[in-house]
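Engineer: To start, I am sharing the structure in question, which I have written as structure tokens.
Protein chains: 2
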Amino acid sequence: MNQTQFAKPIESHLERFNRYFARQMRSSVPLLNLVVRYLLRSRGKQLRPMLVFLSAGAAGGITDRTYVGAAMVELLHTATLIHDDVVDQAPLRRGLASINAVWKNKVAVLVGDFLLARGLLLAVEHNEYDFLRATADAVRRMSEGELLQVQNFRKRRTDESMYLRIVGDKTASLITTCCRIGAISAGADTAVQELLGTFGEKVGIAFQIRDDVLDYTSRTAILGKPIGHDIREGKITLPLLRAIANATANEAKEIRQLVRSSSVRNGSVERVISFVEQHGGITSAMDTACTLVEDAIALIEQLPVSEYRTMLIQLARYTIERNK
Amino acid sequence: MNQTQFAKPIESHLERFNRYFARQMRSSVPLLNLVVRYLLRSRGKQLRPMLVFLSAGAAGGITDRTYVGAAMVELLHTATLIHDDVVDQAPLRRGLASINAVWKNKVAVLVGDFLLARGLLLAVEHNEYDFLRATADAVRRMSEGELLQVQNFRKRRTDESMYLRIVGDKTASLITTCCRIGAISAGADTAVQELLGTFGEKVGIAFQIRDDVLDYTSRTAILGKPIGHDIREGKITLPLLRAIANATANEAKEIRQLVRSSSVRNGSVERVISFVEQHGGITSAMDTACTLVEDAIALIEQLPVSEYRTMLIQLARYTIERNK
Numbered sequence: 016m017n018q019t020q021f022a023k024p025i026e027s028h029l030e031r032f033n034r035y036f037a038r039q040m041r042s043s044v045p046l047l048n049l050v051v052r053y054l055l056r057s058r059g060k061q062l063r064p065m066l067v068f069l070s071a072g073a074a075g076g077i078t079d080r081t082y083v084g085a086a087m088v089e090l091l092h093t094a095t096l097i098h099d100d101v102v103d104q105a106p107l108r109r110g111l112a113s114i115n116a117v118w119k120n121k122v123a124v125l126v127g128d129f130l131l132a133r134g135l136l137l138a139v140e141h142n143e144y145d146f147l148r149a150t151a152d153a154v155r156r157m158s159e160g161e162l163l164q165v166q167n168f169r170k171r172r173t174d175e176s177m178y179l180r181i182v183g184d185k186t187a188s189l190i191t192t193c194c195r196i197g198a199i200s201a202g203a204d205t206a207v208q209e210l211l212g213t214f215g216e217k218v219g220i221a222f223q224i225r226d227d228v229l230d231y232t233s234r235t236a237i238l239g240k241p242i243g244h245d246i247r248e249g250k251i252t253l254p255l256l257r258a259i260a261n262a263t264a265n266e267a268k269e270i271r272q273l274v275r276s277s278s279v280r281n282g283s284v285e286r287v288i289s290f291v292e293q294h295g296g297i298t299s300a301m302d303t304a305c306t307l308v309e310d311a312i313a314l315i316e317q318l319p320v321s322e323y324r325t326m327l328i329q330l331a332r333y334t335i336e337r338n339k
Numbered sequence: 016m017n018q019t020q021f022a023k024p025i026e027s028h029l030e031r032f033n034r035y036f037a038r039q040m041r042s043s044v045p046l047l048n049l050v051v052r053y054l055l056r057s058r059g060k061q062l063r064p065m066l067v068f069l070s071a072g073a074a075g076g077i078t079d080r081t082y083v084g085a086a087m088v089e090l091l092h093t094a095t096l097i098h099d100d101v102v103d104q105a106p107l108r109r110g111l112a113s114i115n116a117v118w119k120n121k122v123a124v125l126v127g128d129f130l131l132a133r134g135l136l137l138a139v140e141h142n143e144y145d146f147l148r149a150t151a152d153a154v155r156r157m158s159e160g161e162l163l164q165v166q167n168f169r170k171r172r173t174d175e176s177m178y179l180r181i182v183g184d185k186t187a188s189l190i191t192t193c194c195r196i197g198a199i200s201a202g203a204d205t206a207v208q209e210l211l212g213t214f215g216e217k218v219g220i221a222f223q224i225r226d227d228v229l230d231y232t233s234r235t236a237i238l239g240k241p242i243g244h245d246i247r248e249g250k251i252t253l254p255l256l257r258a259i260a261n262a263t264a265n266e267a268k269e270i271r272q273l274v275r276s277s278s279v280r281n282g283s284v285e286r287v288i289s290f291v292e293q294h295g296g297i298t299s300a301m302d303t304a305c306t307l308v309e310d311a312i313a314l315i316e317q318l319p320v321s322e323y324r325t326m327l328i329q330l331a332r333y334t335i336e337r338n339k
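Protein chains in written order, with the numbering used here: chain U, 16 to 339; chain C, 16 to 339.
Structure follows, in structure tokens:
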């Protein structure tokens with residue numbers, strides 16, 4: 016399954032959207048345009064704009080408002096990725112050098128702020144206050160989720176409920192917003208907005224669980240960034256929590272100490288990875304992700320049959336089947 | 016003249032505002048509340064909330080909306096200061112360790128994002144879309160202005176028109192927004208909003224010129240941060256541009272080379288400071304700031320006489336008379 020396949024019913028929309036999106040990022044500052052051109056060369060999976068278009072289609076029909084909503088969330092998403100890379104001192108993003116690596120933190124922080132402002136301004140310009148309402152809260156949740164993660168990293172005592180809260184805030188909040196904005200842009204009623212919002216929340220959590228699993232199971236060449244990154248950072252994610260739950264008390268203690276140690280060496284990273292595999296951490300985490308996706312699918316099966324709904328279902332499955 | 020003096024007619028409002036503002040910053044994330052408490056201990060001059068309240072008073076009267084507007088701009092201003100300190104790797108802010116110095120860049124970027132989102136959300140919650148319109152554009156201009164400065168720093172060829180554009184974008188844009196939001200919150204008509212907006216733009220540019228002058232003339236103990244910082248950073252500001260214009264071609268060339276050199280040493284910083292003083296850079300820059308302030312005052316003298324208007328005039332003069 017290829018991610019472009021479920022873009023089929025919205026292909027011409029996405030093409031038009033890409034031109035529209037590039038226009039929204041233009042500025043009168045040459046340095047900014049240089050960074051933006053670099054960003055546009057390394058676009059990601061475009062999961063979020065796709066979710067906006069498919070949700071709009073499934074909720075009644077794509078409109079001009081859908082373009083504004085999709086551009087808005089993609090601007091905010093791009094902004095948060097740039098800030099995330101500063102926060103994580105990440106050298107790579109999508110297989111290319113990150114903005115902070117090429118232009119330093121200074122430019123990365125400012126470009127992130129510009130794109131954040133540009134996204135919100137776009138909604139203001141189009142009087143899309145319901146979009147703003149759905150989005151400003153997601154931006155708050157995203158920064159709170161990241162801060163919660165930093166705090167837990169310091170105390171190094173993440174448990175599953177904390178993990179789920181962090182994942183909900185930092186990843187699912189914007190995906191929920193995408194689905195909700197899609198529904199709003201189609202003129203759907205509140206019940207449909209809620210339904211698609213909940214679909215997005217569940218898919219969003221599943222998406223992040225898959226990301227955290229890939230950090231254990233993928234390879235650098237496929238992922239476009241080094242694997243074992245979370246462990247090196249001391250981040251305790253679902254696969255590890257589940258493996259710890261399955262292990263003996265002594266093994267669990269040893270592994271927690273290994274992850275707690277301020278500098279996790281390469282040998283230790285391999286040790287943690289094989290511990291997680293051996294104690295079924297991957298399988299158990301993926302089971303949870305699958306349940307979330309199936310729940311999400313059951314929800315939107317309440318919507319009328321359409322090619323958009325079909326593609327939303329495929330996209331939901333893709334979030335947990337993908338290898339990068 | 017003390018800055019608390021012109022707060023007289025709005026004293027009780029400012030007291031109530033401080034409690035209101037602290038409430039807006041609350042979060043469910045303990046680490047965030049810790050940072051917020053630290054921030055609240057080291058509040059600045061509160062120039063921006065004061066401008067909102069005084070503008071509202073001068074434009075017809077302070078309302079509940081004025082509180083929302085003042086909190087919004089103060090949240091955004093606080094956010095941008097935190098990001099600025101990351102960008103500039105500043106160790107101090109208002110005489111205390113900066114957030115990036117205490118909690119590292121990671122936390123500083125995220126807290127800035129949180130406060131930015133919180134400010135915009137506040138307006139959304141109160142359906143204050145005109146505030147958003149005035150503000151989202153200021154956030155865009157602030158990041159563009161900073162990026163323009165970074166870009167010019169790289170090319171090291173700032174001239175006066177570029178300097179004024181950067182100052183307008185990075186400092187005056189939010190001050191304009193404060194005055195405009197004050198007028199909107201008072202229910203003033205568009206002409207009064209424009210008039211107060213232009214007042215703010217002029218005062219804002221004068222304020223930044225004074226800041227740039229203080230970087231040459233103040234002392235670390237008064238300013239709460241090291242002087243000569245701009246020169247060390249390779250930032251060419253108005254006092255230096257004016258001194259270069261007054262000097263012989265040879266002297267100017269020598270100084271430009273000194274500032275261009277990638278690491279400006281302590282001896283060189285003193286050399287540049289005395290060059291600027293000797294060639295009337297300080298006086299000339301301050302002349303421009305004074306003219307801007309007098310123009311700004313002439314504008315608001317078109318408004319009805321009130322204690323608020325009087326205090327706005329005093330506040331305008333204070334921006335260029337202050338020593339820190």
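By construction, the Cβ of each residue, glycine as well, lies at the ideal position given by its N, Cα and C atoms.
If you scan the segment 59 to 141 of chain C from start to end, which runs of the alpha helix (DSSP H) of 4 or more residues do you find wholly inside it?
Structural biologist: Runs of the alpha helix (DSSP H) inside the segment 59 to 141 of chain C: 62 to 74, 79 to 102, 114 to 140.
Engineer: DSSP three-state label for GLY282 of chain U, please.
Structural biologist: Note: GLY282 of chain U maps to helix in three-state DSSP.
Engineer: Quick one: does HIS92 of chain C have its CB under 9 Å from some CB of chain U?
Structural biologist: No, HIS92 of chain C lies away from the interface with chain U (no Cβ there is under 9 Å from its Cβ).
Engineer: Between MET16 of chain C and ARG324 of chain C, what straight-line distance do the alpha-carbon atoms span, to the nearest angstrom?
Structural biologist: Residue placement at MET16 of chain C cannot be trusted, given a pLDDT of 43 that sits under 50; the coordinates are not used to answer.
Engineer: In whole angstroms, what is the alpha-carbon distance linking VAL356 of chain U and LEU46 of chain C?
Structural biologist: Here chain U covers residues 16 to 339 and nothing more, so residue 356 of chain U does not appear.
Engineer: Let's see if you can read the secondary structure: which residues bound the alpha helix (DSSP H) around GLU248 of chain C?
Structural biologist: From DSSP, GLU248 of chain C is part of no alpha helix (DSSP H); its letter is neither H nor E.
Engineer: Starting from the beta carbon of ARG155 of chain C, find every residue of chain U whose beta carbon is closer than 7 Å, and list them in chain order.
Structural biologist: Within 7 Å Cβ-Cβ: PHE129, ALA132, ARG133, LEU136.
Engineer: Could you tell me whether any Cβ in chain U is nearer than 9 Å to the Cβ of HIS98 of chain C?
Structural biologist: So yes, HIS98 of chain C belongs to the interface.
Engineer: Which word fits VAL182 of chain C, buried or exposed, when buried means at least 16 other C-beta atoms lie within 10 angstroms of its C-beta?
Structural biologist: Looking at its Cβ environment, which holds 16 or more other Cβ atoms inside 10 Å, VAL182 of chain C is buried.
Engineer: Taking three-plus beta-carbon pairs below 8 Å as touching, is the segment 249 to 257 of chain U in contact with the segment 287 to 304 of chain U?
Structural biologist: Result yes; three or more Cβ-Cβ pairs closer than 8 Å.
Engineer: Straight-line CA distance for GLN61 of chain U to ASN120 of chain U?
Structural biologist: Each residue's alpha carbon lies about 25 Å from the other.
Engineer: Does the beta-carbon of THR334 of chain U have 16 or more other beta-carbons within 10 angstroms, so that it is buried, or is it exposed?
Structural biologist: Buried.
Engineer: Going straight from the alpha carbon of ALA198 of chain C to that of GLY72 of chain U, what length do you get?
Structural biologist: Spanning the two alpha carbons is a distance of roughly 42 Å.
Engineer: Measuring alpha carbon to alpha carbon, tell me which of U:ILE77, U:ILE315, U:SER42 ends up nearest ALA206 of chain U.
Structural biologist: Nearest of U:ILE77, U:ILE315, U:SER42 to ALA206 of chain U, Cα basis: U:ILE315.
Engineer: Taking THR191 of chain U as part of the alpha helix (DSSP H), name the residues at either end of that continuous run.
Structural biologist: Unbroken alpha helix (DSSP H) run through THR191 of chain U: 188 to 200.
Engineer: Could you check what DSSP says for THR232 of chain U in three-state terms: helix, strand or coil?
Structural biologist: THR232 of chain U: helix per DSSP, three-state reduction.
Engineer: What is the rounded straight-line gap between the Cα of CYS305 of chain C and the Cα of THR78 of chain C?
Structural biologist: CYS305 of chain C and THR78 of chain C: Cα-Cα distance of roughly 32 Å.
Engineer: Strictly below 9 Å CB to CB, what residues from chain C border PRO401 of chain U?
Structural biologist: This structure cannot speak to residue 401 of chain U, because chain U is shown only from 16 to 339.
Engineer: Spell out a yes or no on whether the segment 80 to 88 of chain C and the segment 207 to 224 of chain C are touching, meaning 3 or more CB-CB pairs, one atom from each, closer than 8 Å.
Structural biologist: No, the segment 80 to 88 of chain C is not in contact with the segment 207 to 224 of chain C.
Engineer: Answer with yes or no whether the minimum CB distance from SER43 of chain C to chain U is below 9 Å.
Structural biologist: Chain U contact via Cβ: present.
Engineer: For chain U, find out if any of its Cβ atoms is closer than 9 Å to the Cβ of TYR144 of chain C; answer yes or no.
Structural biologist: With 9 Å as the cut-off, TYR144 of chain C counts as an interface residue toward chain U.
Engineer: Check the Cβ of GLU340 of chain U against every Cβ in chain C and list those closer than 7 Å, keeping chain order.
Structural biologist: Residue 340 of chain U is absent from the structure shown; chain U starts at 16 and stops at 339.
Engineer: Under 9 Å Cβ-Cβ, which residues of chain U neighbour VAL101 of chain C?
Structural biologist: Correct list: VAL101, ASN120, LYS121, VAL124.
Engineer: Where ILE242 of chain U and VAL284 of chain U are concerned, what is the direct C-alpha to C-alpha distance, given to the nearest angstrom?
Structural biologist: If I take the Cα positions, the gap works out to 9 Å.
Engineer: What are the boundary residues of the alpha helix (DSSP H) that GLN39 of chain U is part of?
Structural biologist: Here the alpha helix (DSSP H) through GLN39 of chain U covers 26 to 39.
Engineer: If you run the structure through DSSP and keep just helix, strand and coil, what is VAL165 of chain U?
Structural biologist: Here VAL165 of chain U sits in helix by DSSP.
Engineer: Beta-carbon within less than 8 Å of SER276 of chain C's beta-carbon, same chain only, minus the 5 sequence neighbours each way: which residues are those?
Structural biologist: Contacts found: SER283.
Engineer: Name, please, each residue of chain U whose Cβ falls closer than 8 Å to the Cβ of ARG332 of chain C.
Structural biologist: Residues of chain U passing the Cβ test: none, with the nearest at roughly 32 Å.
Engineer: If you compare alpha carbons, which of C:ASN115, C:SER42, C:LEU96 is closest to VAL102 of chain U?
Structural biologist: Residue C:ASN115 is the option with its Cα nearest to VAL102 of chain U.
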